[in-house]
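Per the working numbering, the sequence shown starts with residue 291, numbered consecutively. Each residue gets a CB set at the ideal place from its N, CA and C atoms; glycine is no exception. Nothing here was measured: the structure is a model prediction, and the numbers come from that model. Working notes, beginning with the structure itself.
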Amino acid sequence: MFRRSKRSAGTATPKNNSQTLNVCIIHADTIITGSVKTACDIRVDGAIHGNIIADKKIIINEQALIHGNVIGGSVEVKGKVKGDISSGTFLHLHQKAWVQGNLFTSKLIVDDGATLNGGINSGKFNSSILKMEGNKQIRQSEDWYKEKSNLKVSNI
Numbered sequence: 291m292f293r294r295s296k297r298s299a300g301t302a303t304p305k306n307n308s309q310t311l312n313v314c315i316i317h318a319d320t321i322i323t324g325s326v327k328t329a330c331d332i333r334v335d336g337a338i339h340g341n342i343i344a345d346k347k348i349i350i351n352e353q354a355l356i357h358g359n360v361i362g363g364s365v366e367v368k369g370k371v372k373g374d375i376s377s378g379t380f381l382h383l384h385q386k387a388w389v390q391g392n393l394f395t396s397k398l399i400v401d402d403g404a405t406l407n408g409g410i411n412s413g414k415f416n417s418s419i420l421k422m423e424g425n426k427q428i429r430q431s432e433d434w435y436k437e438k439s440n441l442k443v444s445n446i
């Protein structure tokens with residue numbers, strides 16, 4: 291009466307979709323205490339009390355609050371960040387962005403209305419930058435940034 295057909299007996303395998311998105315989403319109702327490291331894109335709608343390190347794109351949305359350093363391939367800030375921001379390719383401060391910290395990037399876009407309380411280091415990096423390890427701030431030379439400009443999470 292009930293028999294398993296040979297067709298359904300195998301293990302189902304998902305189709306390989308090259309357009310599959312690998313995005314880590316921190317929901318608006320989420321508060322994270324501690325650092326976040328990811329090899330994929332990350333979108334933050336909630337709060338993070340710690341550092342964010344991502345190989346790819348970091349989007350900090352309007353309702354987001356970050357209290358820590360942000361290091362990403364590219365970074366878009368629409369919310370609030372209290373900490374330094376380092377970007378390998380570009381950094382975009384949108385209209386409602388509020389940043390208290392230093393910016394390190396080769397390309398900076400600042401929309402009218404964005405607020406920045408800190409320094410801007412663009413192009414060639416003559417000053418040292420801060421890297422977080424645990425709770426200790428370690429000052430390293432521009433060689434660190436050049437070495438990490440590809441921002442491989444496994445190497446950080």
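Hey, quick one: how far does the beta strand (DSSP E) through residue i stretch, first residue to last?
i           : result
residue 320 : Careful: residue 320 lies outside any beta strand (DSSP E) and carries neither H nor E.
residue 366 : 360-367
residue 382 : 375-383
residue 372 : 370-372
residue 327 : 326-328
residue 412 : 410-412
residue 339 : 337-339
residue 390 : 388-390
Out of the options, which one is the CA nearest neighbour of residue i?
i           : options               : result
residue 376 : 402, 403, 408 and 319 : 408
residue 360 : 335, 316 and 392      : 392
residue 352 : 312, 319 and 384      : 384
residue 328 : 399, 363, 372 and 382 : 363
residue 389 : 395, 406, 317 and 335 : 406
For my contact list, residue i and residue j are in at a C-beta cut-off of 8 Å; report their separation, rounded to the angstrom.
i           : j           : result
residue 366 : residue 349 : 5 Å
For residue i, count neighbouring Cβ atoms within 10 angstroms of its own Cβ and tell me buried if that reaches 16, exposed if not.
i           : result
residue 387 : buried
residue 427 : A caution first: residue 427 carries a pLDDT of 39, below 50, which makes its placement in the model unreliable, though a value can still be read off. The residue in question, residue 427, is exposed, as its Cβ has fewer than 16 Cβ neighbours within 10 Å.
residue 403 : exposed
residue 368 : buried
residue 382 : buried
Does any C-beta atom of chain D lie closer than 8 Å to the C-beta of residue i?
i           : result
residue 403 : Protein chains in the displayed structure number just one, and chain D is not present.
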